[in-house]
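Input: a single structure, listed below in structure tokens.
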Amino acid sequence: MSELAIQRVSYKELSEFKYKSFDDPYEIVAFMTDHLRETMLACPNNEDKSKTALYIATDGNVAVGRVLQFGTKLKADGEIVSAQTGGSTYVEEKYRPLGVGASLLFASKKSDEYDFKINSLFSKMIVPMLLRLKYIIFEIPQYGILRDLTPMFASVGLKGIPLNVCGTIANLPIRLMDVINKTKRRKLLKKFVVRKVTEVPEWAGEIASNDSHKYMELHDKKWLQWNLDYNMNGYPDDKQSFYTITDKSGKPVGFFMTKERFEEKAGRYHNVLRGTIVEWGTVDPDVLSEADINLLALYSFSPKIFLVLTVTTETKTAKMLKKMGFLRHGILQMAIYDKKKKYDDIGNINLWRIRYGSCNTIIYGQTPHQIS
């Protein structure tokens, strides 16, 4: 074994394919497909191409680990500040006991490029490292609702007619819940118009960027459009969708954004399509509530969706989600680092605008980053 080191690749070097100079028997660098590279280069918050695109852990000239880095923006007490986010951290298994994962995280943290760091959708194994590095960890309640139980029977070997029969019977409680939910949905659709669009309107970014919370990741029009147009893998079943909500006169009242990801293996199940409600906003929650938007979003997914996920820190919204059939489904963790300790209350989750689509979770798949 040669000397282990952490190599930095800038966005300029990423655009010039210089990351391909490493030996790659573990496919650490091969992960950087042309599709992912184009997605990273298109990020609207990566204006300075001298900043870091990824760190690569090396054993001699052999790549043994990586972590991707993106620029983002935070809105903190009315001030717009630049921040760093990232993910897809991976270390080749035999190098994990050597602390390579911690070295990658430390390289990112000690960088002087940004005073603020924000990360999300990481595995539980990474949490102790982040805490040692003085990150603040938020545990955000996550809610899920099953939409099609057929994959549960497929995972135990059923096929053809037996699979369809068992799936249909098992789905009866879901369809009964749909009767209640769709009645509520029809009432909403008598007042509002929901339209799928490919161009994010400016007003949607303004809603997302100007709610009453003191802290938020800035999800303006450019950021939303990037997440709509790009994703990490480019698989046919991986897609993002954006919907506007207006009143009958065409006046904007809200929006929502969803993503779908195909997974060959998801725990005990195989070949499932997962959905997530990643972003939403409302002009007036008394007119159109968060729960209303989640209900409208629930019925926008593909018919074969296995599970739909969302998050909320609002007690009232959580109660309404449960009435729709959502159940608590673990937590979504988010990590914050304020290098200069500029904001005393930045660790108060109640002061944050929380969405599933924080950091780069929209472009990524569903699997937490592997770093152990």
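With this note's numbering applied, the sequence shown corresponds to residues -14 to 357, in that order.
Note that CB positions come from ideal geometry on N, CA and C, so glycine has one too.
Please read these numbers as outputs of a predicted model, since none were measured by experiment.
Own chain partners of residue i with C-beta closer than 7 Å, once the 5 adjacent residues on each side are dropped
i, result
"L258", "D222, E245, F247, S287, K289, I290 and F291"
"K325", "D100"
"S96", "T37"
Candidates the options, of which the one nearest residue i by Cα
i, options, result
"L116", "T18, V47 and A320", "A320"
"S73", "I111, F101, L281 and I192", "I111"
"D133", "G235, V238 and P158", "P158"
"I(-9)", "I146, S0, R51 and M25", "R51"
"N195", "T267, S96 and R81", "T267"
"I130", "L21, V179 and L312", "L312"
"C151", "I316, V49 and F138", "F138"
"K153", "T135, H314 and D323", "A small correction: the amino acid at residue 153 is Thr; Lys does not occupy that position in the sequence shown. Nearest C-alpha to T153: T135."
"I125", "I316, G332 and D214", "I316"
"L283", "I331, V179 and D62", "V179"
"Y220", "E(-12), S(-13) and L21", "L21"
"I331", "M242, K60, N256 and M17", "K60"
Where residue i sits in the DSSP three-state scheme
i, result
"S0", "helix"
"M162", "helix"
"F286", "coil"
"L203", "coil"
"G71", "strand"
"I278", "helix"
"E248", "strand"
"S357", "Annotation note: pLDDT 32 at S357 (below 50); position unreliable, coordinate value reported separately. DSSP places S357 in coil when its eight states are reduced to three."
"N104", "strand"
"A48", "strand"
Residues of its chain near residue i, where Cβ-Cβ distance is below 8 Å and the 5 sequence neighbours each way are ignored
i, result
"A276", "K301, T302, M305, L306 and M309"
"Q54", "K36, T37, A38, L39, Y40, Q69, T70, G71 and S93"
"V238", "F177, I230, T231, D232, T267, V268, D269, V272 and L273"
"K118", "The displayed chain sequence assigns Leu, not Lys, to residue 118. Excluding positions up to five away in sequence, the list reads L90, F91, K94 and Y322."
Buried versus exposed call for residue i [16 or more other C-beta atoms within 10 Å across all chains shown]
i, result
"F2", "exposed"
"H354", "Unreliable placement is indicated for H354, whose pLDDT of 38 sits below 50; the coordinate value is still reported in the next sentence. Answer is buried; the Cβ neighbour count reaches 16."
"A15", "exposed"
"S343", "buried"
"I146", "exposed"
"D44", "buried"
"E264", "buried"
"I278", "buried"
"K250", "exposed"
"I65", "exposed"
"L280", "buried"
"K236", "exposed"
Contacting residues, own chain, Cβ-Cβ under 6 Å from residue i (five flanking each side not counted)
i, result
"T261", "K244, L294 and Y341"
"N216", "D223 and I348"
* To do: May I ask you to verify whether the region 185 to 203 touches the region 334 to 344, counting CB pairs closer than 8 Å and requiring at least 3?
  => The answer is yes - the region 334 to 344 touches the region 185 to 203, with three or more Cβ pairs under 8 Å.
* Just checking, does the region 70 to 84 make contact with the region 9 to 17 on the three C-beta pairs under 8 Å criterion? -> Output reads yes: the region 9 to 17 touches the region 70 to 84.
* Segment contact flag, the region 27 to 46 with the region 167 to 186, C-beta cutoff 8 Å, min 3 pairs -> Verdict: no, contact absent.
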